[in-house]
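Chains as they are written, first to last, in numbering that gives the first Met the number 0: chain B, 0 to 237; chain C, 0 to 237. Backbone N, C-alpha and C fix where the C-beta goes; we use that ideal spot for every residue, glycine too. Scroll down for the structure; my scribbles are underneath it.
There are 2 protein chains.
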Amino acid sequence: MSALYRQVCKKILDQIASGQRKVGDRLPPEEEFASELGISRSTLRLAFAELEASGVVRRRKRAGTQIIAMKPQPKFSMATSGIQDLLSLGRNTEFRINHVSTVHSDDIDFPGEHYSETAHWLKVCGARTMNDDPRPFSTNRVYVPARFAGIEPVLKTADTSVFQTIEATFGVSVNRVTQSTRAIACPRKDADLLGLEPGSPVLQIDAALYVQKGELMELSVAIFDPSRFQLYSDVSIE
Amino acid sequence: MSALYRQVCKKILDQIASGQRKVGDRLPPEEEFASELGISRSTLRLAFAELEASGVVRRRKRAGTQIIAMKPQPKFSMATSGIQDLLSLGRNTEFRINHVSTVHSDDIDFPGEHYSETAHWLKVCGARTMNDDPRPFSTNRVYVPARFAGIEPVLKTADTSVFQTIEATFGVSVNRVTQSTRAIACPRKDADLLGLEPGSPVLQIDAALYVQKGELMELSVAIFDPSRFQLYSDVSIE
DNA sequence: AAGTGGTCTAGACCACTAC
DNA sequence: TAGTGGTCTAGACCACTTA
Numbered sequence: 000m001s002a003l004y005r006q007v008c009k010k011i012l013d014q015i016a017s018g019q020r021k022v023g024d025r026l027p028p029e030e031e032f033a034s035e036l037g038i039s040r041s042t043l044r045l046a047f048a049e050l051e052a053s054g055v056v057r058r059r060k061r062a063g064t065q066i067i068a069m070k071p072q073p074k075f076s077m078a079t080s081g082i083q084d085l086l087s088l089g090r091n092t093e094f095r096i097n098h099v100s101t102v103h104s105d106d107i108d109f110p111g112e113h114y115s116e117t118a119h120w121l122k123v124c125g126a127r128t129m130n131d132d133p134r135p136f137s138t139n140r141v142y143v144p145a146r147f148a149g150i151e152p153v154l155k156t157a158d159t160s161v162f163q164t165i166e167a168t169f170g171v172s173v174n175r176v177t178q179s180t181r182a183i184a185c186p187r188k189d190a191d192l193l194g195l196e197p198g199s200p201v202l203q204i205d206a207a208l209y210v211q212k213g214e215l216m217e218l219s220v221a222i223f224d225p226s227r228f229q230l231y232s233d234v235s236i237e
Numbered sequence: 000m001s002a003l004y005r006q007v008c009k010k011i012l013d014q015i016a017s018g019q020r021k022v023g024d025r026l027p028p029e030e031e032f033a034s035e036l037g038i039s040r041s042t043l044r045l046a047f048a049e050l051e052a053s054g055v056v057r058r059r060k061r062a063g064t065q066i067i068a069m070k071p072q073p074k075f076s077m078a079t080s081g082i083q084d085l086l087s088l089g090r091n092t093e094f095r096i097n098h099v100s101t102v103h104s105d106d107i108d109f110p111g112e113h114y115s116e117t118a119h120w121l122k123v124c125g126a127r128t129m130n131d132d133p134r135p136f137s138t139n140r141v142y143v144p145a146r147f148a149g150i151e152p153v154l155k156t157a158d159t160s161v162f163q164t165i166e167a168t169f170g171v172s173v174n175r176v177t178q179s180t181r182a183i184a185c186p187r188k189d190a191d192l193l194g195l196e197p198g199s200p201v202l203q204i205d206a207a208l209y210v211q212k213g214e215l216m217e218l219s220v221a222i223f224d225p226s227r228f229q230l231y232s233d234v235s236i237e
């Protein structure tokens with residue numbers, strides 16, 4: 000026989016599955032529910048902790064315990080040693096800035112939504128090299144919203160990445176990263192920098208970095224030489 | 000003042016940071032530690048639960064509570080509605096099998112390690128179509144180890160994916176997915192199937208699916224038409 | 001304002017597993 | 001096999017949030 004609090008979990012999940020309780024319903028207050036189930040409040044709380052961790056209920060003071068899902072939500076956790084890895088910046092890489100300018104939101108060349116939240120953006124163009132190899136393995140174009148444009152003077156000394164410069168300067172940290180990856184024929188400009196034939200297949204990764212509450216930190220477009228770079232991901236479930 | 004058990008967390012983390020306790024050390028047994036800290040065992044357990052959840056300690060019966068990291072490990076959780084999304088199989092897609100054969104492990108064309116765990120593998124070649132568009136948007140080559148080769152007769156009726164067929168047939172579920180993505184020049188064979196010019200840039204995704212304890216479920220090589228497919232990822236930290 | 005979850009205590013017995 | 005974490009109880013007070 001499994002632990003009592005696990006039985007309680009199962010019981011609640013069964014009640015949800017059978018339609019006896021529905022998503023959106025509120026469960027009784029702890030004290031009441033505990034005596035109703037004939038168990039102590041502590042035990043019930045163990046069960047609730049499990050249901051909360053698995054995304055089945057949400058608990059808020061005064062608002063009670065609310066059912067928000069029918070089944071435990073599988074969690075996809077990414078094996079990553081840091082955002083560096085997530086953003087495909089190797090350990091021994093260096094970022095060299097070629098050009099910095101201020102642009103209008105209309106001039107932003109980034110797929111998807113129109114990022115018109117601020118009129119002016121800082122545009123940073125550069126390239127990334129690895130292990131003292133003078134030939135870069137990626138070219139980068141980064142757009143920084145006006146809010147963080149204050150990094151401009153600091154950028155001169157930055158050799159890691161724009162996002163790390165912003166983190167250090169403003170005391171914020173990246174909270175969320177969305178990426179879109181595709182294969183394209185390499186444009187001439189990037190091909191020249193990467194030492195490739197124009198039109199050869201390259202990987203383009205468009206990334207949006209956010210700090211908190213969906214606040215945008217930067218948009219980034221990177222083009223990678225496929226012979227020296229692959230995108231890895233390692234995801235475990237639950 | 001924050002909760003007592005949080006203060007205990009912080010205290011332990013501080014002791015680790017100051018070198019007073021080191022990674023690999025064992026913390027005292029709960030009862031002893033609790034009285035040493037002048038708190039109840041329940042409160043200490045709340046602190047331990049937090050430290051365990053954040054990856055700082057590992058707890059095992061009889062072996063005690065061991066420090067395994069100096070700081071709370073940030074968690075990278077991937078926003079995904081399911082493995083389907085993770086593996087870039089759209090909702091309205093269909094998998095059509097072209098060819099099934101048995102091959103030697105030597106004949107496996109998959110980058111990385113030599114997968115010699117089993118001598119014989121089932122090789123499934125197919126393509127994936129979307130929304131009744133007869134022209135596939137991806138070609139697929141899947142290798143299934145001998146252990147799951149029993150799906151062969153069932154494959155005839157499978158139109159979703161090899162991994163789902165294995166899951167349904169053997170009652171297992173995918174536990175971990177590693178992927179490697181790169182841009183390549185499209186081989187002639189795949190170009191014919193996808194309706195592309197040979198040599199045009201395409202996305203190749205090599206994936207390894209595991210069930211549990213690192214047991215391999217399948218190796219998969221997929222080539223995507225970049226005009227109709229992009230790889231998305233959405234990762235939140237902590 | 002009060003109902004709710006959050007925190008905390010002091011005990012007890014149990015079950016497993018690593019020594 | 002015994003030391004350890006796991007489970008469970010019955011109580012108490014508190015702080016917050018939202019109805």
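For a cutoff of 8 Å on Cβ pairs, would you count residue i as touching chain B?
i       : result
F47(C)  : no
I236(C) : yes
Hey, how far is the Cα of residue i from the Cα of residue j?
i       : j       : result
R134(B) : K60(B)  : 57 Å
T64(B)  : A48(B)  : 11 Å
W120(B) : G18(C)  : 45 Å
D131(B) : G89(B)  : 13 Å
F162(C) : E217(C) : 7 Å
N91(C)  : D84(C)  : 12 Å
F238(C) : S87(C)  : Only positions 0 to 237 of chain C appear in the structure, and residue 238(C) is not among them; the question remains open.
M77(C)  : K212(B) : 17 Å
A118(B) : I107(B) : 11 Å
T101(B) : P152(B) : 13 Å
R140(C) : K122(B) : 41 Å
F94(C)  : L230(B) : 25 Å
C124(C) : H98(C)  : 5 Å
P144(C) : S137(C) : 23 Å
D189(B) : Q203(B) : 11 Å
I150(B) : A221(B) : 20 Å
Q6(B)   : K70(B)  : 15 Å
I66(C)  : L43(B)  : 29 Å
A207(B) : S235(C) : 12 Å
P225(B) : C185(B) : 11 Å
A46(B)  : G194(B) : 59 Å
T128(B) : T180(C) : 20 Å
R25(B)  : V56(B)  : 9 Å
A16(C)  : F32(B)  : 42 Å
Taking Cβ-Cβ distances shorter than 9 Å, what residues in chain C pair up with residue i?
i       : result
P233(B) : Here residue 233(B) turns out to be Asp, not Pro, going by the sequence shown. Those are R175, V176, T177, Q178, listed as they occur along chain C.
Using beta carbons (cut-off 8 Å, strictly below), is residue i in contact with chain C?
i      : result
Q83(B) : no
A62(B) : no
Could you tell me which residues DSSP pairs with residue i in its beta bridges?
i       : result
P200(B) : A184(B)
Y231(B) : S179(C)
L26(B)  : T64(B)
K122(C) : S100(C), Y142(C)
E305(B) : Residue 305(B) lies beyond the range of chain B shown here (0 to 237); nothing can be said about it.
I107(C) : DSSP, once it has assigned bridges, lists no residue as partnering I107(C).
S76(B)  : S235(B), S76(C)
D205(B) : S179(B), V220(B)
E93(B)  : T128(B)
Using the three-state DSSP reduction, which class does residue i fall into: helix, strand or coil?
i       : result
I38(C)  : coil
F223(C) : strand
G149(C) : helix
D13(C)  : helix
F136(C) : coil
T64(C)  : strand
S172(C) : coil
V161(C) : helix
I82(C)  : helix
V210(C) : coil
L88(B)  : coil
V7(B)   : helix
L195(C) : coil
R254(C) : This structure does not reach residue 254(C), given that chain C is present from 0 up to 237, and the question cannot be answered.
Residue i touches chain C at which residues, Cβ-Cβ below 7 Å?
i      : result
I67(B) : Per Cβ cutoff of 7 Å: no residues; I67(B) is ~15 Å from chain C at best.
T79(B) : F75
Against residue i, what residues of chain C qualify as contacts under a CB-to-CB distance less than 8 Å, listed in chain order?
i       : result
R181(B) : L202, P225, F228, Q229, L230
M216(B) : What M216(B) touches in chain C: nothing, since even the nearest Cβ is about 12 Å away.
Name the chain B residues whose beta carbon is nearer than 8 Å to that of residue i?
i       : result
A184(C) : S199, P200
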